[in-house]
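In this note's numbering, the protein residues as written are 10 to 542.
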């Protein structure tokens, strides 16, 4: 019997697996309306407690505002670009997705393209359809004993690694966020520098999220370091590979072939790679299998059902901190997230341990949620899946990163202080923050090993340099020459004539070429541009 849940109404707006609809119908009143118009949807959305969509329905602020009863929005798949998550959060509506639904299909699409590229399958099929029997033109290459280089050893990258091993390939991987221990368990060779992989791999496959740091990660310089005759695959995200640079590398013969399922602009109507004779291209089919689509529908039905029943759900995109967290701790949650994100940008290479140190009166409280918040920030730009308070610790465990808390009621200068440290073989990077004043304003008060006092902003940069006269002016002048306005600036140092750190809030993004110009100043040791939100 459905009981009181029969009064709960669910609108399935797009096609999902029949098994998913059947699951929902056991407990709820379900309307399956894939052909409902936008106008009708706006008119009727107020009747429903839950909405399930794929990527074809725009769930914008207007629609969410009209959803008076809405408790849950479910996305049958991974991406939530078509959902205004911020608007849903403001209304207290859970947004849930099914990020695990397509990982097998994506891995198998990678292997399908790999095999088709190596044996010239599309060209040979086309030739035979034209009634030509041409065996000499389509000689291929074997995978056996070749080197596969995987960039990004997350869930999909790991599945690809296992499948390549089954073909007798030697698999090497580059992923700064994966431990040597995990790599050994998978049976892959983990390299610490991307250049090592570029020089040695016969095939290179990328499995990364698209972020500021991974955009055009493989460009002209990277292609120049690769083996002659290397073959490239991308079933991850468009934009990770510089398409113009890849086209040039194909034309020159540096790259023997490329197999692409994703593109920087989709559909790629003007992309020169589509018609290139050395390229196999498919229209973003990574998740386009019956099993992945069925799995997405069934999984999202299970998650939405659990959410409506008040049960635990792990894939809540906009999951907030638990309500029972006391107010003193709750105030520090956004700051803890920002500290984790800041650490991601500043640390280089794999982190073996993340330590959260709570100083002052915070040490008297249960701070577990702050630790999870920092992990959420740390992995926000690192992994494919949306990160929340449930899965953030799992990402750390999967990557072999130890997490620990320390506490002390003693602290200098501040009533409360959070320190986040990322440790690796070569040392550690530490960041620290606190809340100040009656408004509890967030402040970054420790970067690298230096004390500073700088409020977080959307665009920030940090520079380490030799503490000699004129350095602040040099850096400021370069920024000014390129139209970058400094809103605030802070400098920290430990001794006269030693090393110093400068932190700046800027009004607009700093282009890569400007950052490189600053890094090329002899006295500058390091420069990082950061987008916090």
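By construction, the Cβ of each residue, glycine as well, lies at the ideal position given by its N, Cα and C atoms. Computed from a predicted model, the values in this text were never measured in an experiment.
For residue i: DSSP bridge partner residues
i	result
residue 207	Per DSSP, none; premise fails for residue 207.
residue 120	In the DSSP output, where bridge partners are listed per residue, residue 120 has none listed.
residue 460	455
residue 536	472
residue 290	269
residue 511	472, 500
residue 40	20
residue 282	Answer is none; residue 282 lacks a bridge partner.
residue 83	61, 105
residue 6	The structure shown does not extend to residue 6, since the chain spans only 10 to 542, so no value can be given for it.
residue 325	105
residue 437	432
residue 243	215, 269
residue 264	239
residue 313	DSSP, once it has assigned bridges, lists no residue as partnering residue 313.
Of the listed residues the options, nearest to residue i (C-alpha basis)
i	options	result
residue 364	111, 441, 21	441
residue 160	173, 142, 185	185
residue 116	97, 127, 172, 34	172
residue 48	37, 68, 374	68
residue 217	387, 443, 162, 155	162
residue 304	109, 64, 105	109
residue 79	91, 90, 53	53
residue 505	77, 474, 519, 149	474
residue 278	321, 291, 268	291
residue 335	360, 310, 358, 374	374
residue 232	310, 219, 211	211
residue 515	531, 497, 257	497
residue 320	311, 77, 388	311
residue 489	166, 519, 406, 404	519
residue 326	340, 339, 309	309
residue 215	493, 251, 274	251
residue 469	483, 532, 452, 122	452
residue 254	280, 450, 123	280
residue 396	30, 29, 100, 104	104
residue 411	360, 537, 392	360
residue 166	143, 118, 480	118
residue 531	435, 492, 479	479
residue 269	207, 120, 460, 262	120
residue 200	284, 83, 358	358
residue 391	379, 380, 122, 407	407
residue 434	419, 122, 99, 362	362
residue 289	513, 256, 298	256
residue 482	369, 466, 30, 513	513
residue 369	347, 379, 228, 420	420
Contact set for residue i: own chain, Cβ-Cβ below 7 Å, skip 5 residues either direction
i	result
residue 132	147
residue 271	243, 244, 245, 246, 247, 293
residue 70	93, 96
residue 314	32, 33, 36
residue 521	none
residue 77	55
residue 484	472, 511, 527
residue 437	430, 431
Expected contact under 8 Å - CB spacing of residue i and residue j to nearest Å
i	j	result
residue 107	residue 88	Contact flag wrong, Cβ pair sits at about 11 Å.
residue 158	residue 213	5 Å
residue 102	residue 61	Contact doesn't hold; Cβ gap of about 13 Å is too wide.
residue 181	residue 169	12 Å between Cβ atoms; not a contact.
residue 345	residue 114	Wrong, their Cβ atoms sit about 36 Å apart, outside the cutoff.
residue 58	residue 317	6 Å
residue 384	residue 349	6 Å
residue 425	residue 371	5 Å
residue 249	residue 323	Actually they are not in contact, since the Cβ atoms of residue 249 and residue 323 sit about 27 Å apart, beyond 8 Å.
Distance cut-off 7 Å: residue i Cβ against heavy atoms of the ligand PLP
i	result
residue 210	This structure does not include the ligand PLP; it has no bound ligands of any sort.
Same chain, Cβ closer than 6 Å to residue i, neighbours up to 5 away in sequence not counted
i	result
residue 10	Low per-residue confidence applies at residue 10: pLDDT is 42, beneath 50, and the placement is therefore not dependable, though the value from the model is reported in the following sentence. Cβ within range, chain order: n/a, list empty.
residue 409	188, 190, 191
residue 394	108
residue 128	149
residue 236	none
residue 111	296, 301
residue 16	none
residue 502	476, 509
Own chain partners of residue i with C-beta closer than 8 Å, once the 5 adjacent residues on each side are dropped
i	result
residue 22	42, 43, 45, 50, 60, 61, 62, 66
residue 287	259, 264, 265, 266, 267
residue 376	338, 365, 367, 414, 416
residue 404	384, 388, 391, 392, 396
Residue-level contact to chain C via CB, residue i, 8 Å cutoff
i	result
residue 536	Given the protein chain composition of this structure (a single chain), no chain C is represented.
Complete alpha helix (DSSP H) runs within the stretch 359-428 (minimum length 4 residues, chain order): 377-388, 401-407
Only counting runs of 3 or more residues, tell me where the beta strand (DSSP E) segments fall wholly within the stretch 143-226, in order along the chain. 156-160, 179-183, 198-200, 212-215
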